[in-house]
Each structure stands twice: as structure tokens, then as C-alpha cells.
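Numbering (my numbering), first residue to last: 5 to 234. Since the structure comes first, as C-alpha cells, the remarks are kept for the end.
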């Protein structure tokens with residue numbers, strides 16, 4: 005009899021979460037967009053899992069704010085236009101091997117229009133159906149206590165202002181979203197999907213070997229009491 009389950013050890017565990025385009029302010033006052041999908045929401049807070057070497061991470065920690073723009077399933081071309089790019093110059097070593105290149109103006113590359121924000125300095129993305137202004141409330145180092153501690157940051161943000169395209173508002177309610185009108189882009193194991201349409205296009209991120217994301221076992225080994233992990 006075949007087993008009901010088999011053991012497996014994937015390099016990544018991206019089971020399927022919304023694609024978030026995070027807009028931030030760079031040190032020179034220009035604007036950056038960081039595509040990501042390691043995000044989950046609780047009440048009016050959101051936890052963002054980000055590479056510590058990312059320009060987006062540095063911008064959020066420095067300014068204490070950002071805008072979370074949720075991508076719709078019809079935005080594959082725009083998302084791919086800024087995938088495998090970074091606002092960091094030089095490109096962080098962790099991203100060089102994955103084929104990332106520096107891109108200064110991601111708004112222009114993706115064909116996005118800046119949407120003025122009301123409570124934060126960074127602009128939103130007009131083409132996104134859901135735009136959420138947010139302020140940083142806490143920064144957590146992931147993977148502690150191990151040698152990999154801090155390689156990934158978990159940034160906790162508070163949503164302070166929400167704007168949506170009018171078609172998403174449920175008829176008869178002032179503050180409810182119509183789930184039937186909302187078609188988010190979902191990333192699952194680096195591929196792009198729609199809620200009802202299945203795979204919606206080829207993802208540039210899927211060109212990267214998943215194994216390049218695997219953290220070496222020695223880096224994830226628990227550190228003995230008294231050892232320095234900083």
C-alpha cells in the first residue's frame with residue numbers, strides 16, 4: 005500500500021501568499037519598489053519577511069514607513085519588469101548569484117504611476133487595486149540563536165491608511181471589501197497564480213534555482229550557550 009505522505013525537504017516553503025509591491029523612499033529622496041510575498045496580516049498590522057541586505061529593508065528601517073501595494077493577477081508583466089532587480093548599488097552578494105541587477109527607477113521600468121500618500125512620505129502605486137500606507141512598529145531578527153541570525157528581518161508594520169479602487173468596495177457597506185471583485189496575484193514557489201485562473205504567466209523569479217535560497221545546515225545549527233551570534 006502506497007504511503008499517504010512522503011518526506012520532502014524543499015529549499016523554500018512558499019506555499020502561496022499575495023504579491024506585495026513595497027514602495028519606500030531612498031536616501032537621495034527618490035523612490036524604490038520592492039516586490040515580495042512573505043507577508044501576512046493580523047488586524048491592522050502586517051508582518052513582512054525581508055532580506056536584511058535589501059534596499060527596501062534598509063529604507064523601511066531608516067524612515068520608519070512604507071506603502072504596501074497589492075498586485076492584481078493582471079499585473080504579471082509589470083511585476084516581472086522589476087523582478088530580479090534591486091535598488092541597492094552595488095548589488096548585494098547574496099543576489100549577484102541569482103542574476104539580480106541594479107535598477108534605479110523601478111516606477112518607470114514597470115510603467116507605474118505614483119499615487120500621493122496622505123500619512124507617509126513614500127508614494128503608492130496607482131495601478132494597484134489596494135494601497136496601504138504603513139509605519140514600522142518593530143524589527144525582529146530571524147533564525148536566532150544561529151549563525152544565520154539577522155540574515156532575514158521580520159518587520160512589523162501598522163497599517164495607517166487604506167485606499168482601494170472603487171470596484172472593490174462591497175455594495176451597501178461603507179468599509180467592506182467584496183472578495184468576488186478582488187483578484188490578487190499569488191506567489192507559490194516563485195510562480196505566479198490567480199485565485200481562480202491558475203497559473204497566470206511565467207515568473208522571472210522562477211528562473212532562479214530554488215536551492216540557492218537554502219540556508220546551509222551549519223548556519224542554522226543552534227549556537228551553544230555563551231557563543232557570539234552577532
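Don't be surprised by glycine CBs; every beta carbon is placed ideally from N, CA and C. Source: prediction; values computed, not measured.
>> Strictly by DSSP, which residues pair up with residue 36?
In response: As a position in the chain shown, residue 36 is number 32, starting the count at 1. For residue 36, which the question treats as bridged, DSSP gives the partners 28.
> So, helix, strand or coil for residue 209, using DSSP?
Replying inline: Here residue 209 refers to the residue found at position 205 when the chain shown is read from its first residue. Reduced to three states, the DSSP call for residue 209 is helix.
> What residues match up with residue 44 in a beta bridge as DSSP calls it?
Replying inline: Numbered from its first residue, the chain shown carries residue 44 at position 40. In the DSSP output, where bridge partners are listed per residue, residue 44 has 51.
> At which residues does the beta strand (DSSP E) containing residue 141 begin and terminate?
Replying inline: For this step, residue 141 is matched to residue 137 along the chain shown. Unbroken beta strand (DSSP E) run through residue 141: 134-145.
>> Can you tell me whether residue 217 is helix, strand or coil according to DSSP?
In response: Residue 217 sits at position 213 when you count from the first residue of the chain shown. In this structure, residue 217 counts as helix in the three-state DSSP scheme.
> Can you tell me whether DSSP reads residue 183 as helix, strand or coil?
Replying inline: Position 179 of the chain shown, counting from 1, holds the residue named residue 183. Helix.
> beta strand (DSSP E) containing residue 108: first to last residue?
Replying inline: If you number the chain shown from 1, residue 108 lands on position 104. Residue 108 -> no beta strand (DSSP E), and no H or E assigned at all.
>> In whole angstroms, give me the CA-to-CA distance for residue 246 and residue 63.
In response: Examination of residue 246 is not possible in this model, given that the chain is present from 5 through 234 alone.
> Which stretch, first to last residue, makes up the alpha helix (DSSP H) that contains residue 99?
Replying inline: The sequence position of residue 99 within the chain shown is 95, counting from 1. Note, residue 99: alpha helix (DSSP H), 97-100.
> Who are the Cβ neighbours of residue 297 in its own chain at under 8 Å, not counting the five residues just before and after it?
Replying inline: Nothing about residue 297 can be read from this structure; the chain reaches only from 5 to 234.
>> If I measure Cβ to Cβ from residue 209 and keep anything under 6 Å in the same chain, skipping five residues before and after, which residues do I get?
In response: Against the chain shown, residue 209 aligns to sequence position 205. Result list for residue 209: 87, 194, in chain order.
> According to DSSP, which residues form a beta bridge with residue 120?
Replying inline: As a working mapping, residue 120 is identified with position 116 in the chain shown. Looking at the DSSP assignment, residue 120 forms no beta bridge with any residue, so it has no partner.
> Alpha carbon to alpha carbon, what distance is there between residue 120 and residue 228?
Replying inline: For the purposes of this step, residue 228 is taken as the residue at position 224 of the chain shown. For the purposes of this step, residue 120 is taken as the residue at position 116 of the chain shown. With a pLDDT of 49 at residue 228, under the threshold of 50, the modelled position of this residue cannot be trusted; read the value that follows with caution. Whole-angstrom Cα-Cα distance: 49 Å.
> Which of the three DSSP states, helix, strand or coil, is assigned to residue 77?
Replying inline: Your numbering for residue 77 matches position 73 in the chain shown. If DSSP states are grouped into helix, strand and coil, residue 77 belongs with coil.
>> Tell me the DSSP secondary structure of residue 16 in three-state form.
In response: Residue numbering aside, residue 16 sits at position 12 when the chain shown is read from its first letter. Coil.
> Contact between the stretch 65-76 and the stretch 90-108: three or more CB pairs below 8 Å?
Replying inline: no
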